[in-house]
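Novice: Sharing a structure below in structure tokens format, with a few things to ask.
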Amino acid sequence: MKQVEFHHGMGDKLAYACRLLRKAYRSGARLVVTADMGTLRQLDRQLWVFDDQEFLPHVCTGAGQAWPPRWKDTPVWLTDAPEQAPEGRQVLINLGQSIPSGIERFERFFDVVSTEPDDRQLGRQRWREYEAKGWTVKAHLAQE
Numbered sequence: 010m011k012q013v014e015f016h017h018g019m020g021d022k023l024a025y026a027c028r029l030l031r032k033a034y035r036s037g038a039r040l041v042v043t044a045d046m047g048t049l050r051q052l053d054r055q056l057w058v059f060d061d062q063e064f065l066p067h068v069c070t071g072a073g074q075a076w077p078p079r080w081k082d083t084p085v086w087l088t089d090a091p092e093q094a095p096e097g098r099q100v101l102i103n104l105g106q107s108i109p110s111g112i113e114r115f116e117r118f119f120d121v122v123s124t125e126p127d128d129r130q131l132g133r134q135r136w137r138e139y140e141a142k143g144w145t146v147k148a149h150l151a152q153e
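In case it helps, our numbering puts the sequence shown at residues 10 to 153.
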């Protein structure tokens with residue numbers, strides 16, 4: 010049975026995502042972050058500046074774009090097409106508004122929801138969809 014780690018109540022969803030990515034990267038995980046390209050571009054910019062003492066190696070690319078082979082080893086992928094990420098990625102983090110495609114291939118799956126009313130409503134909808142699929146949803150309330 011699949012499990013979704015549902016992180017909710019984030020005042021700043023992208024800042025939280027940066028901290029979550031740093032923690033996972035430090036543990037040696039290879040990650041994919043998915044959302045719409047506008048959100049991913051904002052996250053890409055934030056990853057460059059959120060910690061002036063550390064850099065998280067990452068690439069940002071969209072569906073249908075050619076991905077150079079040298080990108081394959083980059084530990085953090087930001088993409089709107091997680092099903093196209095290279096094999097060997099253990100963790101998927103969803104910052105988007107719907108359930109991403111291809112989530113079954115990941116060992117761990119996080120869904121991050123902010124305190125914004127629209128995002129909260131869509132998060133509740135995804136929660137119900139995960140449960141309808143028979144998945145376990147484990148809630149984590151923000152501790153920012």
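Think of the CB as a built atom: it goes at the ideal place given N, C-alpha and C, for glycine as much as any other residue.
Do you know whose CA, among Leu29, Asp61, Arg50 and Gly132, lies nearest Gly71's CA?
Specialist: Here the closest residue by C-alpha is Arg50.
Novice: What does the Cβ neighbour count give for Phe118, buried or exposed, with the cut at 16 atoms within 10 Å?
Specialist: Under this definition Phe118 is a buried residue.
Novice: Looking at the secondary structure, which residues open and close the alpha helix (DSSP H) in which Gln51 lies?
Specialist: Counting along the chain, the alpha helix (DSSP H) containing Gln51 begins and ends at Met46 to Val58.
Novice: Please report the straight-line C-alpha distance between Pro66 and Trp80, rounded to a whole angstrom.
Specialist: The straight-line gap from Cα to Cα measures roughly 10 Å.
Novice: Say whether the region 10-22 touches the region 30-43, bearing in mind that this needs 3 or more beta-carbon pairs closer than 8 Å, one atom from each stretch.
Specialist: Touching, no, given that fewer than three Cβ pairs across the two stretches are closer than 8 Å.
Novice: Going by C-alpha distance, which of Asp60, Ala90 and Asp61 is nearest Gly73?
Specialist: For the residues Asp60, Ala90 and Asp61, the minimum Cα distance to Gly73 belongs to Ala90.
Novice: Is it buried or exposed, Ser123, if we count other Cβ atoms within 10 angstroms and call 16 or more buried?
Specialist: It counts as buried.
Novice: For Trp86, is the classification buried or exposed, using 16 other Cβ atoms within 10 angstroms of its Cβ as the cut-off for buried?
Specialist: So Trp86 ends up on the buried side.
Novice: Could you tell me the alpha carbon to alpha carbon distance between Ala44 and Ala26, rounded to whole angstroms?
Specialist: Whole-angstrom Cα-Cα distance: 12 Å.
Novice: Mind checking which residues open and close the beta strand (DSSP E) that includes Gln12?
Specialist: Start and end: Gln12 to Met19.
Novice: So, are the CB atoms of Ala151 and Met19 less than 7 Å apart?
Specialist: Against a cut-off of 7 Å, the Cβ pair of Met19 and Ala151 comes out as a contact.
Novice: I believe Ser107 touches Glu92 by the beta-carbon criterion, under 8 Å. Please report the beta-carbon distance rounded to the nearest angstrom.
Specialist: With 8 Å as the limit, Ser107 and Glu92 do not qualify as a contact, their Cβ atoms being about 14 Å apart.
Novice: Expressed to the nearest angstrom, what Euclidean distance is found between the alpha-carbon atoms of Arg54 and Asn103?
Specialist: Their backbone Cα atoms lie some 18 Å apart in a straight line.
Novice: Can you tell me where the beta strand (DSSP E) with Glu117 in it begins and where it stops?
Specialist: Reading the sequence as shown, one finds Arg at residue 117 and not Glu. Where Arg117 is concerned, the enclosing beta strand (DSSP E) stretches over Arg117 to Ser123.
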